[in-house]
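Respectively, the protein sequence lines represent chains L and A. Under this note's numbering, the residues of the first sequence are numbered 1 to 339, in order. Under this note's numbering, the residues of the second sequence are numbered 340 to 678, in order. A virtual CB, placed ideally from N, CA and C, is assigned to each residue, including glycine. As the structure is a computational prediction, the values presented were derived from the model and not from experiment.
2 protein chains.
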Amino acid sequence: MSEHLITAPDGRVPGQATPAIVVGTPSQPGWSVGLDVGGTKVLGVIVDPAGAVRHEVRATTVRGVDGVVGGGVAAVHELAALAGVGVDDLAGIGIGLPGVVDPHDGTVEHAVNLGIVDRVALGGLVAERLGAHLPVQVENDLNMAALGAAHLADEAVTDLAFLALGTGVAAGLLLDGRLRRGATGAAGEIGHLPLVVGGRACKCGQAGCIEQYASGTAIDAAWPGPHTRPAPLELFDAAAGGDAHAIEVRDQFAWAVSSAVRILVLTCDVQHVVIGGGVSGVGQPLLDAVRAALSAEAQASPFLASMGLATRVSLAPLGAPVGAVGAALAGRSAREGAV
Amino acid sequence: MSEHLITAPDGRVPGQATPAIVVGTPSQPGWSVGLDVGGTKVLGVIVDPAGAVRHEVRATTVRGVDGVVGGGVAAVHELAALAGVGVDDLAGIGIGLPGVVDPHDGTVEHAVNLGIVDRVALGGLVAERLGAHLPVQVENDLNMAALGAAHLADEAVTDLAFLALGTGVAAGLLLDGRLRRGATGAAGEIGHLPLVVGGRACKCGQAGCIEQYASGTAIDAAWPGPHTRPAPLELFDAAAGGDAHAIEVRDQFAWAVSSAVRILVLTCDVQHVVIGGGVSGVGQPLLDAVRAALSAEAQASPFLASMGLATRVSLAPLGAPVGAVGAALAGRSAREGAV
């Protein structure tokens, strides 16, 4: 990597407040554990020195600081035992969770779905409970998913947005091989960009937010049950079966997702947009619908056509613990003292 | 800067195709020249080793490859002579221009306003004509402006979007101290994100694009002459004078600009948004109107309020050759052989 450095001629050396995570440069080899702590379940993986996922565990999330720390520690022990590796021999641990994370000191706050409100030094607590001299890297879960999606891609990828379509809509950004967290850790909060002026009321206080049209919650509302399977699967099946209303709901959803893709590409020019989150369980029919929406828009606009949006979009590998894998990679990259 | 490096456990070392430009790390000290080549004029500055602008020149743009190269070479000679520095003694030259630039090899294409269509190795041609062994760094003009705005800020700034409101609307991004060019050099093209579903037709083929509401062109259309001064100045003065229609046009414009700011912050979480481009000549009344729009939106949304959009926005220093200054900084950072 050739870097052109700019002189700080006036003596300012602003530096960087948070540790940069860089893909593609070897650092700490070894086994590492990654945890993806969500509102309902904890997914954990242990990754071998060659980068392959060797074991996977899942557990129900126990809310609150003690529950999250205890659940994390138990998963680490379980994964290390499964792999026959000592906890002390791990190169590091990574934890991704939905909340405001300071990756510099491993603190978390406003992780409402985990029952964590006030700031707590989660990384430190986990390391302490493990009694091991291990670096623990804590990140927002979508950042971890972006790292995991890059790692699990078929080709070498260093530039992508992980677009999560779940309860809400948000993205994790890996730009030029580096996580882009943002000045306040809020990068990728595109779910609260208005899509429709004066549109559906959003719990954030605005109207017409993308989240009101492109989330799993939006599908639940537009395609109410009773269902035997998740609403997105029922909707896409009904649309494939020719149900006119289902087609309309599906196409509006796909249009909203295509708008999120357009925002990510026209703002950040990410090379890839990987769609994940609960709705991505729909699989190929979801990708087809989003690509169809993007292609239709490109037909009307030579400019959009030149951006090649439809070819930049893909699905996260179905059923793969993308966030946990990313966490394991981030964990092995952390150095003691610098976290 | 502490960096946590991620192992590429499968042997992939994707690296980075283009040279990274990093703010805040001393590299080549010395004098450097920066050129901002626009559709109508060329602005040039020479910056001393301490980072201060010592001389400034401006010339009319001569279109076409020969015109742009010749004009650039003449400006370099003039600035070096004004400063009493030999061209051979410069640490480097930077050139910013509106077009698709490959900063890796200094080539430019689709710089329609400069009469350059096919790909041409502009950096190499300028270096050759100067007959000096000088690194010449070529970049998109808004990227150079982002570097310049960071340098000219009152405080240490390494994270900002330079939002240009001119003929069109687009941004240059400096993220975590690095230029974000994007996978295809198209980062910051937010002017072609739709703001209003089914809104005003845009020359890009889409409808309702931000550019149709937040550009100088949009003000020209909404506040037609005859004027003795630029339309934005006339509009804001009329609005300040209580003209009801002017107030309406101004507030719609400010709303559109506030939407552009919201996109930049919610997507990239840039610490600062610096408004530049022709419309920024309006000065404080423009900033007041945009901040008022952002504050009104924050009042309705605790989420937006928490993002502090109004406090992130500022104006580029009035009359300062921001793009040329950024070009001079980029120029001194370029190393021969690596460009």
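Exercise. Anyone know if the C-beta pair for Leu486 (chain A) and Ala599 (chain A) falls short of 8 Å?
Worked result: Against the second sequence, residue 486 (chain A) aligns to sequence position 147. Against the second sequence, residue 599 (chain A) aligns to sequence position 260. Going by C-beta atoms, Leu486 (chain A) is not nearer than 8 Å to Ala599 (chain A).
For this session: Please classify Cys541 (chain A): does DSSP put it in a helix, a strand, or coil?
Result: Position 202 of the second sequence, counting from 1, holds the residue named residue 541 (chain A). Taken through DSSP and simplified to helix, strand or coil, Cys541 (chain A) comes out as coil.
For this session: Please report the Cβ distance between Asp269 (chain L) and Ala525 (chain A), rounded to the nearest whole angstrom; I am assuming they are in contact, meaning their Cβ atoms lie under 8 Å.
Result: Here the question's residue 269 (chain L) lines up with position 269 in the first sequence. Here the question's residue 525 (chain A) lines up with position 186 in the second sequence. Contact between Asp269 (chain L) and Ala525 (chain A) holds: their C-beta atoms lie close to 5 Å from each other, under 8 Å.
Exercise. By Cβ distance below 6 Å, which residues in the same chain neighbour Gly277 (chain L) in space, the five residues on each side in sequence not counted?
Worked result: Reading the first sequence from its first residue, position 277 is the one you call residue 277 (chain L). Cβ neighbours of Gly277 (chain L) within its own chain (closer than 6 Å, five residues either side excluded): Ala164, Leu165, Gly166.
Exercise. Where does Gln212 (chain L) fall in DSSP's three states?
Worked result: Locating residue 212 (chain L) in the first sequence gives position 212, counting from the first residue. Residue state, collapsed to three classes: helix.
Problem set entry | Unbroken alpha helix (DSSP H) run spanning Ala171 (chain L), endpoints | Residue numbering aside, residue 171 (chain L) sits at position 171 when the first sequence is read from its first letter. Per DSSP, Ala171 (chain L) belongs to no alpha helix (DSSP H); it is in the beta strand (DSSP E), 169-175.
Exercise. Can you list, in chain order, the residues of the stretch 600-634 of chain A whose Cβ is nearer than 9 Å to any Cβ on chain L?
Worked result: Residues of the stretch 600-634 of chain A with a Cβ closer than 9 Å to any Cβ of chain L, in chain order: Arg601, Ile602, Leu603, Val604, Leu605, Thr606, Cys607, Asp608, Val609, Gln610, His611.
For this session: Answer yes or no: does any C-beta atom of chain L fall closer than 8 Å to that of Ser653 (chain A)?
Result: In the second sequence, residue 653 (chain A) corresponds to position 314, counting from 1. Answer no: the Cβ-Cβ gap between Ser653 (chain A) and chain L never drops below 8 Å.
Exercise. Is it buried or exposed for Arg178 (chain L), if we count other Cβ within 10 angstroms and need 16 for buried?
Worked result: Sequence index remark: in the first sequence, residue 178 (chain L) carries index 178 (1-based). Under this definition Arg178 (chain L) is a buried residue.
For this session: Would you mind working out which of L:Pro49, L:Gly283, L:Gly331, L:Leu309 sits nearest Leu315 (chain L), comparing C-alpha positions?
Result: On the first sequence, position 315 is the one that residue 315 (chain L) refers to. The residue with the shortest Cα to Cα distance from Leu315 (chain L) is L:Gly283.
Problem set entry | Gln271 (chain L) in three-state terms, based on DSSP | Locating residue 271 (chain L) in the first sequence gives position 271, where the first residue counts as 1. Under the three-state reduction of DSSP output, Gln271 (chain L) falls in the coil class, being neither helix nor strand.
Exercise. Given a threshold of 16 other Cβ atoms within 10 Å of its Cβ, counted over all protein chains shown, does Pro563 (chain A) qualify as buried or as exposed?
Worked result: As a working mapping, residue 563 (chain A) is identified with position 224 in the second sequence. Counting C-beta atoms within 10 angstroms of its own C-beta, Pro563 (chain A) has fewer than 16 neighbours from the protein chains shown and is therefore classed as exposed.
Problem set entry | Within chain A, the residues that Ser301 (chain L) reaches when beta carbons sit closer than 7 Å | Locating residue 301 (chain L) in the first sequence gives position 301, counting from the first residue. Cys543, Gly544, Gln545, listed in chain order.
For this session: Determine, using beta carbons only, whether Leu668 (chain A) and Gly369 (chain A) come nearer to each other than 8 Å.
Result: Mapped onto the second sequence, residue 668 (chain A) falls at position 329. Mapped onto the second sequence, residue 369 (chain A) falls at position 30. No, these two residues do not count as a Cβ contact at 8 Å.
Problem set entry | Same chain, Cβ closer than 6 Å to Thr217 (chain L), neighbours up to 5 away in sequence not counted | Within the first sequence, the letter at position 217 stands for residue 217 (chain L). Hits under 6 Å: Thr167.
Problem set entry | Minimum C-alpha distance to Gly188 (chain L) - residue among A:Pro656, A:Thr606, A:Ile529 | For the purposes of this step, residue 188 (chain L) is identified with residue 188 of the first sequence, where counting begins at 1. A:Thr606 is the residue among A:Pro656, A:Thr606, A:Ile529 whose C-alpha sits nearest the C-alpha of Gly188 (chain L).
For this session: Taking only the alpha-carbon atoms, compute the straight-line gap between Gly24 (chain L) and Ser645 (chain A) and give it to the nearest angstrom.
Result: In the first sequence, counting from the first residue as 1, residue 24 (chain L) sits at position 24. In the second sequence, counting from the first residue as 1, residue 645 (chain A) sits at position 306. Note that Gly24 (chain L) has pLDDT 49, beneath the 50 cutoff, so the model's placement of it is unreliable and the number below is only indicative. Using only the alpha carbons, I get a separation of about 35 Å.
For this session: Look at Gly39 (chain L) and Asn113 (chain L) and say whether their C-beta atoms are less than 8 Å apart.
Result: Looking up residue 39 (chain L) in the first sequence gives position 39. Looking up residue 113 (chain L) in the first sequence gives position 113. Between Gly39 (chain L) and Asn113 (chain L), the C-beta gap is smaller than 8 Å, which places the two residues in contact.
For this session: Report all residues from its chain with a CB closer than 7 Å to the CB of Ser619 (chain A); omit the five preceding and five following residues, and keep chain order.
Result: On the second sequence, residue 619 (chain A) is found 280 positions in, with the first residue counted as 1. A distance below 7 Å between beta-carbons, with the five flanking residues on each side excluded, links Ser619 (chain A) to the following residues of its chain, in chain order: Leu504, Leu625, Leu654, Ala655.
For this session: For Pro365 (chain A), count neighbouring C-beta atoms within 10 Å of its own C-beta (all shown protein chains included) and say buried if the count is 16 or more, exposed if not.
Result: The sequence position of residue 365 (chain A) within the second sequence is 26, counting from 1. Because the pLDDT at Pro365 (chain A) is just 42, under 50, the model does not fix this residue reliably, and the point stays unresolved.
Exercise. For Arg686 (chain A), which residues from the same chain have a beta carbon less than 6 Å from its beta carbon, with the 5 sequence-adjacent residues on both sides left out?
Worked result: As shown, chain A starts at 340 and ends at 678. That puts residue 686 (chain A) outside it, with no answer to give.
Exercise. Which stretch, first to last residue, makes up the beta strand (DSSP E) that contains Ser619 (chain A)?
Worked result: Counting from 1 along the second sequence, the entry for residue 619 (chain A) is found at position 280. Per DSSP, Ser619 (chain A) belongs to no beta strand (DSSP E) and is neither H nor E.
For this session: Mind checking the stretch 185-201 of chain L against chain A and listing, in chain order, the residues whose C-beta falls within less than 8 Å of any C-beta there?
Result: Taken in chain order, the members of the stretch 185-201 of chain L whose beta-carbon sits within less than 8 Å of a beta-carbon on chain A are Gly185, Ala186, Ala187, Gly188, Glu189, Ile190, His192, Leu193, Pro194, Leu195, Val196, Val197.
For this session: For Ala460 (chain A), return the contacting residues in chain L, with the cut-off set at a CB-CB distance below 8 Å.
Result: Position 121 of the second sequence, counted from the first residue, corresponds to residue 460 (chain A). Residues of chain L passing the Cβ test: none, with the nearest at roughly 18 Å.
Exercise. What did DSSP end up calling Thr364 (chain A) once you bin it into helix, strand or coil?
Worked result: Along the second sequence, one-based indexing puts residue 364 (chain A) at 25. Residue placement at Thr364 (chain A) cannot be trusted, given a pLDDT of 43 that sits under 50; what the coordinates show is reported in the next sentence. Three-state result, Thr364 (chain A): coil.
Problem set entry | Amino acids of chain A, ordered along the chain, whose beta-carbon sits closer than 7 Å to that of Asp159 (chain L) | Translated into the one-based positions of the first sequence, residue 159 (chain L) becomes position 159. Simply Ala522.
Exercise. Can you give the Cα-Cα distance for Asp559 (chain A) and Pro571 (chain A), rounded to whole angstroms?
Worked result: The sequence position of residue 559 (chain A) within the second sequence is 220, counting from 1. The sequence position of residue 571 (chain A) within the second sequence is 232, counting from 1. The alpha-carbon atoms of Asp559 (chain A) and Pro571 (chain A) are separated by roughly 7 Å.
Exercise. Does Leu304 (chain L) have its Cβ less than 8 Å from a Cβ in chain A?
Worked result: Along the first sequence, one-based indexing puts residue 304 (chain L) at 304. Leu304 (chain L) counts as touching chain A.
Exercise. Helix, strand or coil for His55 (chain L) per DSSP?
Worked result: Reading the first sequence from its first residue, position 55 is the one you call residue 55 (chain L). Secondary structure at His55 (chain L): strand, using DSSP grouped into helix, strand and coil.
For this session: Would you please verify whether the beta carbon of Met646 (chain A) is less than 8 Å from any beta carbon of chain L?
Result: If you number the second sequence from 1, residue 646 (chain A) lands on position 307. Yes, contact with chain L.
Exercise. Where does Gly581 (chain A) land, buried or exposed, given buried means 16+ other C-beta within 10 angstroms?
Worked result: Walking along the second sequence from the start, residue 581 (chain A) turns up at place 242. Counting the other CB atoms within 10 Å of its CB gives Gly581 (chain A) a total below 16, which places it among the exposed residues.
Problem set entry | Inter-residue Cα distance where the pair is Val661 (chain A) and Ala484 (chain A) | Here residue 661 (chain A) is taken as the residue at index 322 of the second sequence, counted from 1. Here residue 484 (chain A) is taken as the residue at index 145 of the second sequence, counted from 1. Rounded to the nearest angstrom, the two C-alpha atoms are 5 Å apart.
For this session: Between the Cα of Gly423 (chain A) and those of A:Val386, A:Val664, A:Gly463, spot the shortest distance and give me the residue it belongs to.
Result: Position 84 of the second sequence, counting from 1, holds the residue named residue 423 (chain A). Its Cα nearest to that of Gly423 (chain A), the residue A:Val386 stands out among A:Val386, A:Val664, A:Gly463.
For this session: Alpha carbon to alpha carbon, how far is Ala292 (chain L) from Ala659 (chain A)? Give it in angstroms, no decimals.
Result: Counting from 1 along the second sequence, the entry for residue 659 (chain A) is found at position 320. Counting from 1 along the first sequence, the entry for residue 292 (chain L) is found at position 292. Computed Cα separation, rounded: 46 Å.
Exercise. With 8 Å set as the bound, which would you pick, yes or no: does the beta-carbon of Arg180 (chain L) sit closer than that to a beta-carbon of chain A?
Worked result: Translated into the one-based positions of the first sequence, residue 180 (chain L) becomes position 180. Chain A contact via Cβ: present.
Problem set entry | Bridge partners - Leu421 (chain A), DSSP secondary structure assignment | For the purposes of this step, residue 421 (chain A) is identified with residue 82 of the second sequence, where counting begins at 1. Per DSSP, none; premise fails for Leu421 (chain A).
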